[in-house]
Amino acid sequence: MSGRLAGKTCLVTGAAQGIGRAVAEAFRRECAALVVTDLAVDKLDAIFSGPDIRTARMDVTDAAEVEAVAAANPAVDVLVNCAGWVATGTILTGSPADLGRSFDINVVSMTNTIRAFLPAMRERRAGSIVNIASVASTVMAAPDRFAYATSKAAVIGLTMSVARDFVGDGIRCNAISPGTVDSPSLGDRMAATGDVAAARAAFIARQPMGRLGTPEEIAAVALLLASDEATFMTGANLIIDGGMSL
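Residue numbers for the sequence shown follow our numbering, so the first one is -6 and each next one is one higher.
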C-alpha cells in the first residue's frame, strides 16, 4: 500500500460534511487509517466504510466524550480540527450567547481534542495537528462576523502556542485560514437570508478570483500539513482565500 499518509492514523472532526468531509476523503485516498467523528454519526456511516475506517459520535465541546474517543484510539498520528460554527452579527447586534457558543465550538473544542491526543503524540515524539481557522480573524475583518472572527483569531493564537510549546517533542501544529468556501454551512447561511441568489452573488463579489473556494481545495492543504512533506512547518497559518484578504 502506498500513499502520502500510508501508515498514519488520522482523526478528523466535523467529518460529516464540508471541509471536514473533504479532508477525510483526501486522507483516505492517500491510504491513511481514518477515525472520522461528528455529532451526525449516521451521516458518517453512510459516507465512510472500510477496514481502516472507524466512525465515532463525538461532541467536541464535551471534554469527557473527547477523552473517551482518545482512549479508544490511542495511536492517532494526525489530528485535524474541522468542527466549527459561524455566528452572524456585530458586537452590538450579536448576543453574549453567540460569543460563548463561538468559543465553545471553535476554540474550546480544539483545546479538548489537543489535550486528549497530544500526550500520546509526545510519547511517540511525532504528530501533526491541523486547525481550521479563517481569514476572518487576525488576518482581516469581515462584516457582521464579530463573534466568529474573535474566536478564529483565538484559534490562530492557540495554534502558535501549541506549536511553540511542543516543537521540541516532535509535534507540529499549523492552521489553515480559508476564505469563503462553498460548503453546506455556507448554503445554510445563504438560505437564512431569504434570497439565496443575492447572498451567493454577494459572497462571490468579495472574492477577487470571482468564485468561491471548494472544500477539496482546503483539503489539499490539510493533506500537505498532515504529510511528511511538511516536516519543517509548524506554527504557520496558511491563508487559502482566493485573494480575499489582499
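The C-beta atom is built at its ideal place from N, Cα and C for all residues, glycine as well.
Under the three-state reduction of DSSP, S121 is assigned to strand.
For D91, the enclosing alpha helix (DSSP H) has its first and last residue at 89 to 96. Under the 10 Å beta carbon count, F159 is surrounded by 16 or more other beta carbons and is classified as buried. Contact between I211 and V155 does not hold, since the beta-carbon distance rounds to 20 Å and is not under 8 Å. In the DSSP assignment, R47 falls outside any alpha helix (DSSP H) and lies within the beta strand (DSSP E) extending over 46 to 50.
Counting C-beta pairs with one atom in each stretch, the region 4 to 14 and the region 64 to 75 have three or more that are closer than 8 Å, which means they touch. Here F196 has T173, L179, M183, L205 as same chain residues with Cβ atoms under 8 Å from its own Cβ, once five neighbours each way along the sequence are excluded. Per DSSP, D31 is one residue of the beta strand (DSSP E) stretching across 26 to 31. The alpha carbon of T224 has as its nearest neighbour, out of D162, D234, S144, the alpha carbon of D162.
Membership of L151 in the alpha helix (DSSP H) is indicated by the continuous run 139 to 159. Close CB contacts of T83 within its chain, under the 7 Å cut and outside five residues either way in sequence, are with D137, F139 (chain order).
Under DSSP, R165 takes part in a beta bridge, and its partners are S121. DSSP places V5 in the uninterrupted beta strand (DSSP E) bounded by 2 to 5. Taking a 10 Å sphere around the C-beta of D221, we find fewer than 16 other C-beta atoms and assign the residue as exposed. Contact annotation: the region 17 to 25 does not touch the region 86 to 102, with fewer than three C-beta pairs closer than 8 Å. Around the beta carbon of V189, fewer than 16 other beta carbons sit within 10 angstroms, so the residue counts as exposed. For V71, the enclosing beta strand (DSSP E) starts and ends at 71 to 74.
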